[in-house]
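Structure first, then comments.
Residue numbers (the working numbering), protein chains in the order written: chain A, -9 to 399; chain B, -9 to 399.
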């Protein structure tokens, strides 16, 4: 598999984090023989927050995680790639139960402190003890520096592993947030993402952590799209070990001491989410869509996603065609308030339309030059209100069809 | 342009209809020099019903037609291809005004009896008198047998002209319904379609006609999708000349005397709508998705469209891959009530899943053989209620990207 041309030039090599040990290895679920099992062990007392797919046919692991989230504590995360354990009936539920029981016994924790995620082919049951039987070996491999192995082990059609790290101050204390993610196709908003696992050494109570995660996910994983298809397995977890440097106690997500942490968490989540778009199946261009002047923030998001999911916009992008008419089409179909005569479209920062039509002095040369690059910026100003939102997408190319017309066979 | 492999084997050659004269010709809006202007003249007293795009950035012609529809009478229809007259500001409105005024004068009717539609490139104004100046010549070409020329003149990326005809009884009298349509890309539901012009020689008051059309459109043009992108120009008109054989008077859409007419109208509209899918950009397979057992009819439609618009389902179809897991994914993301353990998926009539998983005796050979054909049937039974709906779509192929990555240049 060729690495995406949009892959980051530099991969973040993550340093060890107090309270987190990780391992990634081959467990045999991928026919390719590549790594497909990731385990994380967290220090006692770690809190957890989660965001999951809104699919109404979620996978067995998603059902499990959602059910235990109210406890708010995590000691272990077990993730396999190569098989989604989705639409596998009662057999899928049993595989989760056996995996959880084995992990809880090995780690010495409650079962509702073991989180599970699976990604890969839908509808093929995994024998109930298969993953459980691999866990004793995984426990021996756990190390504080296992980030790279972990990021590799959760990949499916991904062409590069996705990691990110940020420092944040809580009060005067510097803490760390780090994370890994995977995703390339079946990526759509209004959900978590494929899989994202974020960790911090800060000490944050679960209810506060959940509020912070929900907000960060909304502006990151929920604001990207590759193909508008929502997975059955999307899962983002954020674990706080509380094992880092001592910082002022935080009991409320709105605490001013958390301002920098909120910024850093959103930045980290956006970093990972945009890496997923950069690795979008067949992607040749990363596209940032900035919608402003909409009736509301929600309206701006819906308009941005309507543009970002439009096959006609995305194929025009693939062709390097500054086809602003299709952008107008996508604004029109979004179902949100729009007025032809107030609407402005920008390509690469150049204003293309004015008063409901092409600007008289519009020179397509600049827009064409911008579209020939691989980092495209589209702007839409509705001229109606103050709602704004940014959405990231990629182009729709022959590569997407090559990958997906023959994924299973 | 190669004709779609899914084109009907036999083209309906439509006979003259009392009260309808048609012409199609080259007016110079298409760079290719192919026919691009269609005019229909209707006998005095003809009634009209219409359905239009729900885009909030509609074209100037759509704005015009919607404004005059309440009058319920039509004497002329003027349609150009090659230019959508959408997002052309006040200049676009003026082009419509001049065209309408010229047509009204030539036909000898009120301006609110002249319907306009335009399809083609968005955002390029047509000089205000350009189409008007072509109308005197078009009037001389009008003939009762001009159906083929008309169907040719409204094509854009279409690879074949689309016509259909049905007979219907009103009371004991046989009347005729005939129509033409165009469309290939930017085809999405919840709208009219690209363009469809239906005619009957029956005598039906405008309010009754409107109810009949709305119902027929919902099960036909609104139930097809090529790419989920809704045009700024979608227009379907149904004109009733009242010049056919005398039939019992009808004053109510629910009149039992209209039962057969309702059936025939829906059949005709479905025939044209399915021809549009058969000519879907790059389409190699026609796909019929039958959803049953949903919580409501609306839920069934939304689930059907979620499957029919999913890039992952459509690329699997292109690859001949009976990837039922992606069908489950698309059911799950539709946002309508679903229960994994009650859901059944059928491919080519063969039941694939049961009790939330693959059937133990499932043999993929039959599904693969069915998927290798070009007339694919997908069935989904939710097992929850009595809601059902049928949706038609096509596969997503390299051809779609070839066509759309380089449409303007």
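Positions of the beta carbon are idealized from the N, C-alpha and C atoms, including for glycine.
Would you tell me roughly how many angstroms separate the C-alpha atoms of residue i and residue j, rounded to the nearest one?
i, j, result
"residue 123 (chain A)", "residue 340 (chain B)", "36 angstroms"
"residue 69 (chain B)", "residue 28 (chain B)", "5 angstroms"
"residue 93 (chain A)", "residue 104 (chain A)", "7 angstroms"
"residue 260 (chain A)", "residue 313 (chain B)", "32 angstroms"
"residue 91 (chain A)", "residue 55 (chain A)", "14 angstroms"
"residue 199 (chain B)", "residue -7 (chain B)", "34 angstroms"
"residue 344 (chain B)", "residue 82 (chain A)", "14 angstroms"
"residue 395 (chain B)", "residue 149 (chain B)", "18 angstroms"
"residue 181 (chain A)", "residue 110 (chain B)", "Confidence in residue 181 (chain A) is poor, its pLDDT being 37 and thus under 50, which makes the residue's placement unreliable; the coordinate value appears in the next sentence. Cα to Cα, residue 181 (chain A) sits roughly 36 angstroms from residue 110 (chain B)."
"residue 160 (chain A)", "residue 166 (chain A)", "10 angstroms"
"residue 387 (chain B)", "residue 300 (chain B)", "13 angstroms"
"residue 213 (chain B)", "residue 186 (chain B)", "14 angstroms"
"residue 89 (chain B)", "residue 347 (chain B)", "60 angstroms"
"residue 364 (chain B)", "residue -4 (chain B)", "8 angstroms"
"residue 247 (chain A)", "residue 23 (chain A)", "46 angstroms"
"residue 7 (chain A)", "residue 96 (chain A)", "21 angstroms"
"residue 224 (chain B)", "residue 113 (chain B)", "16 angstroms"
"residue 253 (chain B)", "residue 163 (chain B)", "15 angstroms"
"residue 258 (chain B)", "residue 352 (chain B)", "38 angstroms"
"residue 311 (chain B)", "residue 361 (chain B)", "7 angstroms"
Mapping the DSSP letters down to three states, classify residue i as helix, strand or coil.
i, result
"residue 376 (chain B)", "coil"
"residue 244 (chain A)", "coil"
"residue 84 (chain A)", "helix"
"residue 65 (chain A)", "coil"
"residue 109 (chain B)", "strand"
"residue 233 (chain A)", "coil"
"residue 329 (chain A)", "coil"
"residue 347 (chain B)", "strand"
"residue 271 (chain B)", "coil"
"residue 162 (chain B)", "coil"
"residue 193 (chain B)", "coil"
"residue 172 (chain A)", "strand"
"residue 214 (chain B)", "strand"
"residue 46 (chain A)", "coil"
"residue -4 (chain B)", "coil"
"residue 389 (chain B)", "helix"
Rounded to the nearest angstrom, how far is the Cβ of residue i from that of residue j, given a contact under 8 angstroms?
i, j, result
"residue 293 (chain A)", "residue 326 (chain A)", "5 angstroms"
"residue 296 (chain A)", "residue 377 (chain A)", "Not quite, the Cβ-Cβ distance comes to about 14 angstroms (not below 8 angstroms), so this is no contact."
So if DSSP puts residue i in a beta bridge, which residue, or which two residues, is it bridged to?
i, result
"residue 137 (chain A)", "None, per the DSSP bridge assignment."
"residue 156 (chain A)", "A:167"
"residue 32 (chain B)", "B:10"
"residue 54 (chain B)", "The partner list for residue 54 (chain B) (beta bridge, DSSP) is empty, contrary to what the question assumes."
"residue 314 (chain B)", "Bridge partners of residue 314 (chain B): none, in fact."
"residue 228 (chain B)", "B:39 and B:188"
"residue 336 (chain A)", "A:341 and A:369"
"residue 99 (chain A)", "Looking at the DSSP assignment, residue 99 (chain A) forms no beta bridge with any residue, so it has no partner."
"residue 74 (chain B)", "For residue 74 (chain B), which the question treats as bridged, DSSP gives no partner whatsoever."
"residue 383 (chain B)", "B:277"
"residue 146 (chain A)", "None; residue 146 (chain A) has no bridge partner."
"residue 282 (chain A)", "A:371"
"residue 104 (chain B)", "B:66"
"residue 27 (chain B)", "B:15 and B:70"
Between residue i and the rest of its own chain, which residues show a CB-CB distance below 7 angstroms, the 5 nearest in sequence each way excluded?
i, result
"residue 131 (chain A)", "13 and 15"
"residue 332 (chain A)", "372, 373 and 374"
"residue 230 (chain B)", "36, 37, 190, 192, 193, 194 and 199"
"residue 179 (chain A)", "Its pLDDT being 44, under 50, residue 179 (chain A) is placed unreliably by the model, and the measurement read from it follows with that caveat. The answer, listed in chain order, is 212, 213, 214, 215 and 295."
Tell me which residues share the same chain as residue i and place their Cβ nearer than 6 angstroms to its Cβ, disregarding the 5 neighbours each side in the sequence.
i, result
"residue 383 (chain A)", "215, 277 and 298"
"residue 67 (chain B)", "30 and 105"
"residue 201 (chain A)", "243"
"residue 17 (chain A)", "26, 27 and 124"
"residue 389 (chain B)", "272"
"residue 140 (chain B)", "12, 14, 28 and 170"
"residue 57 (chain A)", "none"
"residue 188 (chain B)", "169 and 228"
"residue 87 (chain B)", "none"
"residue 427 (chain B)", "There is no way to answer for residue 427 (chain B), as the model of chain B reaches only from -9 to 399."
Excluding five sequence neighbours on each side, which residues of the same chain lie with their C-beta closer than 8 angstroms to the C-beta of residue i?
i, result
"residue 85 (chain A)", "50, 75, 78, 115, 116, 117, 118, 120 and 121"
"residue 391 (chain B)", "272"
"residue 328 (chain A)", "293, 321, 322, 372 and 374"
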